[in-house]
Each structure stands twice: as structure tokens, then as C-alpha cells.
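Participant: Sharing a structure below in C-alpha cells format, with a few things to ask.
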Amino acid sequence: MPERIRHAPLDLEKVKPAKMEIHLIKDECKGCGYCIEYCPKKVLEQSDEINARGVHPPRIVDESQCINCSFCSIVCPDFAIFVTEKKNKEEK
Amino acid sequence: MPKAKSALTGAHFLNGDIACAEGAIAAGCRFFAGYPITPATEIAEHLSMRMPEFGGIYIQMEDEIASMAAVIGASYSGLKAMTATSGPGFSLMQENIGLAVMTEAPCVIVDVMRGGPSTGQPTLPGQQDVMQAKWGSHGDYGIIALSPSSVQEMFDLTVEAFNLSETYRVPTLLMGDEIVGHMWEKVVIPPPDKIRIVNRKKPNVPREKYLPFKPDENLVPSMACFGEGFRFHATGLTHNEHGYPRTTSSEVQSQLVHRLVDKIQKNADKIVRVEEVMLEDADIVVVAYGIVARAGLSAIRKAREKGIKAGLLRLITLWPFPEKQVAKAAQSARAIVVPEMNCGQMVREVERAAKETPVAFLSKLGEDPHTPLEILEVIRRSK
Amino acid sequence: MVQENVPPVILHPFSKYLREDMMPHIWCQGCGNGVLLNAFVHALDELQTDLDKLVVVSGIGCIGRSAGYMNTDSFHTTHGRALPFATGVKLANPELEVVVISGDGDLFAIGGNHFIHAARRNIGIKVLCANNLNYGMTGGQQGPTTPLDSVTTTSMYGNIEHPFNLVHLAAASGATYVARWTSLHVRRLTQSIKKMLQKEGFCFIEMLSPCPEIYGRYNKMRSGLEMMGWFKKASVVENFSDPSKADITADRIVVGEFVDINKLSYEKMLHEKISKINEKAMEKVS
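Chains as they are written, first to last, in the numbering used here: chain H, 1 to 92; chain G, 1 to 383; chain L, 1 to 286.
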């Protein structure tokens, strides 16, 4: 097993990791659970609310943990979730 | 575009299949997809050589079903497209002919009829597919079918078939038979500028407003084609004017299917063509089409020599059925004689249109069409 | 009950690729068809494909509805005939990008003959196959890719027909690009689709798709998550391994790219030939 050398990125002072914003189009969700199950950072969980389709859409647990892998965006069969990068200025 | 000369302008000695192929080229057909089948193979063979000369595409598909599908695809991509087959292939194509009707794709299908049913007699003539031309695919719809009775008509009616299909956005059938397809006769091909060509109506609205299945006053929608930026959807499912499937609406179904039927029926006066010979004072009218009509012509002339006032009503359009013309001829006639190379198909339509006038049917199957004397005998008996 | 504070309607960034007036789609909870469409749309976005030149053709089946959801020129053909229709489209206008999105039954049962010939001819059609192991639209009958012993509505005693190995079939028929992924491998699927769209010749991507409502329910995987769990447990990526050995079993799903070759496409050969013949014919008359 090769030794893994880990160190912090050399430009960590200069470049800040992006902050992501997760958008849920709740009423499009059919409750399949793929985004919740396969998020590498477990950013989502099933909510208790019921949407227009009668299922529980996901709920964001901790948006700051999102690493923009975009898995949830691509895997969602219903186009009900997508992730964007938060701009520096405050943007809704 | 190659010049007039290579469009075979002038008088030629051709067989029916080749004349049909040349008619297609003259009409502007630039896509042929087919599968070899006796007695239509020569159309494919001839077009495989001639199409590329005009920059057109010939492809031999793996079967007739694929051929018909490819024809619709090419039509939707903007080309005038055609396929040619005989009985067994015609049966295979029916589902996709239905698709062409439903998606209103202009295209021409040539059926050089042979002895049926099933594999039948590939090298002998027949007229057994004429009812199938109207009713072959499932569902209710309108369709146009033409019947050539000479090699010249194999050329002329192919051009007409393309014009009709483009005008009415409907698959148009050319119902030839093995004799008309394989016999050699003189054909006169006019110069390209003297041949009437009709192209499909293009949309005259901006892209956002385009509704692919919204009919104009003549019940025919304008047609955009793929790649022009109209981004439309077409489906074989029952659809609304947007082209979107509406599989649970009775209203949409009723509107769409009635329009597909009416599109042809209500425009029948503009579509139907017949040839009337000595009908004005005829007591006995022979109603015939295709190769049989030529024997019929000879028969009525012989009848006239014998003092019988006979006339010929040759059906050039089989569908929509020339009801008015048959009814008119039947009104002043004492009897009608219908010779067909089948067991009684168009005769049913004739009986329906002729109402009270008695109709005699003469069937003949096999190698030869009716002889003039055979038809004359029936004329005499009907007198 | 009317909500007082109605939140603003959020527009998905890819809604321009979809016909918003046709959405939401008819597919079930957890159906892989939506995943395939999503990956396809992601690939189109990354490539900035000209949507005016894209034609989507689909066959009959649940996945067949895709053509109706794409905001491009699209056509929904009769069962099994998407490929010959697409052939006519592509040959008539080779500038068009023609993508066939269809299912395992449509492409390989009724459409089987058309598939092998289109691949053999190497027509530049790109095929996306959602393989959900049964005939979903009609209620879950067995199909040519249903695994042995599976229960379906027409094999209630267990399927005794050996299934096709689609990547093997595509490779053997002459496709220039062949890949298989599952609806779990969304990023690799997107990259494969991108690759396919930039390649010449006949390309085929199979996406194993969960059909939890029918196939899954009859075969002890009642939810999409359980079917995806099977994909996760059993998938192994074996790029460029022998496609004839690319099995799909309960314990092993071989995914990856299997073929990536260069072969002159049919439409290129055809149009070159036509140009030459056309030129010669013009010379003769001038």
C-alpha cells in the first residue's frame, strides 16, 4: 500500500472553497431518496413535510458541507434539485 | 442540379418500373429506401443508379418496415421520399403507413401488385391489394391511391402522387400491377420546366407561434422540417395541435381523426381523376382501372361496332373513390360492368355508388388480364 | 387549502432543454428514465450543443416519452422503428445530430433487426438505451434483457429465457462506441454521453435503469433505493474488458466503456460517393 502524503492545498490562503447553495423544487420531488442516500457529505435528509405529490421531499441539514459534487443534480429523476455557487455578494 | 438533358427529357422506350423511377426523380424525389421484391425490384435498381446522379439518396434497408420508417424520417428532414414494393411488402408497411398518416408525412409508396394472397405469384399480375390500399392500416384515416394503366402513366402518376402527397401531407399510393410495371412502351418525358411540381406548405409564422398540427382552411397543417429551429414534436399517439400526446381526451381524438379523414374526403373534388370514354350516351358502362382498363377500352369499341352503346369510366384515382363520377355514369346507364383481377374489391364501391343500377362483376386471376372479348361478352349479357 | 406565503417558482437551470408545458413527466418514483434524461441534458449543456440541430427520436415504452419532453425537434415513432426512422433523418440531413432514446424492448425485441443493421452500417446515430429489464409501459412483461429466473407478469414461474448481453451485441454488430453504466454512475454516464456526441459513427450507451414499481417489486427490490443498492453492491468498472463477458447478475454488473474505435460513418461514405457521382453526371451534360 503506497503511503499517502496529505497536506493542505498550497494556495489555501489565497483561494477560498466556494460556498454552495442547494435549491429544492419541492413540489417536483417524487420522494425517491436518491439525493439523500448518495450525497457524499450527507447534506440532505428526508423532511417531515408533505409536498404536492404526497411524499416527503428532502431537507437541507447543513448547506455549508456541500462540496458541489453535483451528484444530486444529475441523479434526480425529476429535476427537483440543483446546486449553484453562492456569489460573493449576498444573493437570494 | 444536373441540367435538363440528364433528366431524360424526350421520348424513350421504357418499362413501367423504370418510368416510375424517372417520374420520381422528375418530381423532385431525392430519397428512396426500399427492399427488393418482384415485380418492383427494378424501381430500386434503377434508382440506386440514378439517385446519386441527382445528389439524391438511395438506401436499401433491411426490410420493408424499415424502408417505410426511413421514408418518413427523410420526409420529416425535408426531402421528398419514396419506397416501392409489392403485396407482401405492402402488408409489412401498413403499420408505418399508419404512422405517416398520423404524423401527416408526405411520401409516396408504390405497390406493383402481384398475385396474392401471401407469397402468391410474384411474377404475375393482380389487383388484389386495392382495398388494402384504403383499409390496410388499423384505425380510421384518409389516403390517396392512384392507378396507372400504361407506362406513360407510371411516369405521370408518380409525379402526380408526389404533388398530391405534398399538398395534402398524406402518404400517396401508386397501385400499379406487374404488367404495367414490366411492360415496355413509349414514354414522353417533358422538359423539367414543363412538369408541374408542388412542394409542401412551409410555416409562415415565427418559431414561437408555430403549431405543427394546426390545420389551414384546406384542413392541412403547414410543415416545418427538422433542423429549421422550429423544435416541434410529432408522435404516432393521438395528439393536439402542439403535437403533444393527448391519450385520454375524447375531444382531441374526435377532432384529429375526423380531420385526417375529412382532409381527403372533403378535398375529394380536387383530388379525384377519371377518364371518361364515350360515356355521354352509354347504356352499358365499363368501370375499370389499371391494366384491365385497356382491355375495357378495346371491349367498348368492339361493342360500339356491334351497335351496343358502351362507354368506359376509367378510375385513375382509386381512393378517395370517385363516387360522384360513378353515380353520374350509373344514372344514365342501364348496367355497369366491373372487370377486376381479384375476387371483387372496387366493385363493392361501384355498387355502393351506382345504387339501383345493376352491376356485373367479372373476376380474373392469373397471368393475363381480361381479354376484350371476355369483357364484351359480359357487356352483351348485361344489355 | 391555499397557502398564504407562496414561495417564488424556482426555475431549474436546465428547463430550457425541456418542454416545460409537458412536465412533469409520467415516470414513477425512482424511475431511471429521469436520470438518463438528466444526464443527457447535463452532457448537452457541457457541450453547449446547438439545440436547433438536435433531433431526438424515441420508440414506444416509458422511455419513449423522452422525445416529448426534450425541447428540440423530436419524433415518437412506432414500436421498434426509431432506428430506421432516425436513419432516414440522418441521411437526409447529415448536419443534424440524431439521438435515439429508447428502451430494451423497443430496441432489441421488436427493433432488434433494425439495431444490428444500423450498427452494421455505422450510421452516425447516437443511441441511449434505458435497460430496465422488462416491458415497463405495458405493465412489466418479460423482455429480451430480463435476467434468468426473474419474475415478470408473463414469467410468473421464473424467466427461462437467456437475456441478451446488449454491449456484446452492439460491439459485435459494429458500433464504434459502446458503454454500459447504471443510473448510479451518473457522472461517468454524462461523460460517456459527451464522448458519444463528439464521435463519428454508430454509438451505443446502455444505462441499467431501476424500474422499482414493476420489475423491482416483482423481484424483491421494492424501492428505487433497493435497486440502486443492487447497482452499488454489484457494479464493477472494467473498462475495455471483453464485452461478451460483461454479465449482469445479482452479484456482478460489469460496467464501463467497452468499445471506442474509429470507423468511417455510413453517411460520410454515402455523401462522398454521391458528390462524386453527381459531379460526373453534371460534367456529362455540360
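Using N, Cα and C, we set each Cβ at its ideal position, and we do this for glycine too.
1) Given this structure, state the Cα-to-Cα distance separating residue 223 of chain L from residue 231 of chain L, to the nearest angstrom.
2) Under the three-state reduction of DSSP, which class applies to residue 215 of chain G: helix, strand or coil?
3) Mind the definition here: the region 362-380 of chain G touches the region 318-328 of chain G only if three or more C-beta pairs lie below 8 Å; say whether that holds.
4) In or out: residue 250 of chain L buried (at least 16 other Cβ within 10 Å) or exposed?
5) Along the chain, which unbroken stretches of the beta strand (DSSP E) at least 3 residues long are found entirely within the region 15-83 of chain G?
6) Is the distance from the Cβ of residue 283 of chain G to the Cβ of residue 333 of chain G below 8 Å?
7) Could you say which of G:367, G:351, G:373 lies nearest to residue 126 of chain G if we only look at CA atoms?
8) In three-state terms, what does DSSP make of residue 50 of chain H?
9) From residue 3 of chain G to residue 194 of chain G, what distance separates their C-alpha atoms?
10) What would DSSP say about residue 3 of chain G, mapped onto helix, strand or coil?
11) By the three-class DSSP mapping on this structure, what secondary structure does residue 27 of chain L have?
12) May I ask you to report which of helix, strand or coil DSSP gives residue 90 of chain H?
13) So, does the CB of residue 29 of chain L fall closer than 8 Å to a CB anywhere in chain H?
14) Per DSSP, which residues does residue 74 of chain H bridge with? Please list them.
15) Leaving out the 5 sequence neighbours to the left and right, which residues in its chain are closer than 7 Å to residue 247 of chain G when beta-carbon positions are compared?
16) Which parts of the region 82-108 of chain L are runs of the alpha helix (DSSP H), unbroken and 4 residues or longer, counting only runs that do not cross its ends?
17) For residue 213 of chain L, which residues in the same chain have their Cβ closer than 7 Å to its Cβ, ignoring the five residues on either side in sequence?
18) Using beta carbons (cut-off 8 Å, strictly below), is residue 96 of chain G in contact with chain L?
19) Which residue marks the beginning of the beta strand (DSSP E) containing residue 276 of chain G, and which one marks its end?
20) From the DSSP output, in three-state form, read off residue 303 of chain G for me.
21) Cβ closer than 8 Å: which chain L residues qualify as neighbours of residue 37 of chain H?
22) Taking only beta-carbon positions, decide if residue 274 of chain L is within less than 8 Å of chain G.
23) Output the boundary residues of the alpha helix (DSSP H) element that contains residue 89 of chain G.
24) Counting C-beta neighbours from all protein chains within 10 Å, is the total for residue 16 of chain L 16 or more, i.e. buried, or is it exposed?
25) Can you say whether residue 345 of chain G is buried or exposed, counting buried as having 16 or more other CB atoms within 10 angstroms of its CB?
26) Within 8 Å of any Cβ in chain L, is that where the Cβ of residue 77 of chain H sits?
27) Reducing DSSP to helix, strand and coil, say where residue 255 of chain L ends up.
28) Whole alpha helix (DSSP H) runs in the region 316-361 of chain G with 4 or more residues, listed along the chain?
29) So, with DSSP's three-state summary, where would you put residue 1 of chain H?
30) What residue does the alpha helix (DSSP H) around residue 236 of chain L start on, and which one ends it?
31) For residue 14 of chain L, would you say it is in contact with chain H, using Cβ-to-Cβ distances shorter than 8 Å as the test?
32) How many whole angstroms separate the CB atoms of residue 144 of chain G and residue 110 of chain G, which I take to be in contact at a CB cut-off of 8 Å?
33) Taking C-beta pairs closer than 8 Å, name the residues in chain H that residue 186 of chain L reaches, listed in chain order.
34) Hey, residue 138 of chain G and residue 98 of chain G: beta-carbon distance below 8 Å or not?
35) Listing by chain order, which chain H residues have their CB less than 8 Å from the CB of residue 32 of chain L?
36) Between the alpha carbons of residue 77 of chain L and residue 211 of chain L, how many angstroms are there, rounded?
Facilitator: In this structure, then:
1) 13 Å
2) In the structure shown, residue 215 of chain G adopts extended strand secondary structure according to DSSP, grouped into three states.
3) No, the region 362-380 of chain G does not touch the region 318-328 of chain G.
4) exposed
5) 29-34, 57-60
6) yes
7) G:367
8) In the three-state scheme derived from DSSP, where H, G and I count as helix and E and B as strand, residue 50 of chain H is classed as coil.
9) For residue 3 of chain G, the pLDDT reaches just 44, beneath the cut-off of 50, and the residue's location in the model is therefore unreliable, leaving the point undetermined.
10) Note that residue 3 of chain G scores 44 on pLDDT, short of 50, meaning its location in the model is unreliable; the coordinates nonetheless yield the value given after this. DSSP places residue 3 of chain G in coil when its eight states are reduced to three.
11) coil
12) In this prediction, residue 90 of chain H scores a pLDDT of 46, lower than 50, which makes its location untrustworthy; no coordinate-derived value is stated.
13) yes
14) None; residue 74 of chain H has no bridge partner.
15) If we look at residue 247 of chain G and ignore the five residues flanking it on each side, its Cβ neighbours are 237, 238.
16) 82-92, 104-108
17) Taken in chain order, the residues that qualify are 28.
18) yes
19) Residues 274-277.
20) helix
21) Near residue 37 of chain H (Cβ distances below 8 Å), the residues of chain L are 225, 228.
22) For residue 274 of chain L, the answer is yes, since a Cβ of chain G falls inside 8 Å of its Cβ.
23) 87-102
24) exposed
25) buried
26) yes
27) strand
28) Qualifying alpha helix (DSSP H) stretches, in chain order: 323-332, 346-354.
29) With a pLDDT of 49 at residue 1 of chain H, under the threshold of 50, the modelled position of that residue is not reliable, and the figure given next carries that caveat. Looking at residue 1 of chain H - three-state DSSP - the assignment turns out to be coil, as it is neither helix nor strand.
30) Taken as a continuous stretch (DSSP letters only), residue 236 of chain L belongs to no alpha helix (DSSP H), being part of the beta strand (DSSP E) at 235-237.
31) yes
32) Their Cβ separation, rounded to whole angstroms, is 13 Å, which puts residue 144 of chain G and residue 110 of chain G out of contact at 8 Å.
33) 71, 74, 75
34) yes
35) 77
36) 23 Å
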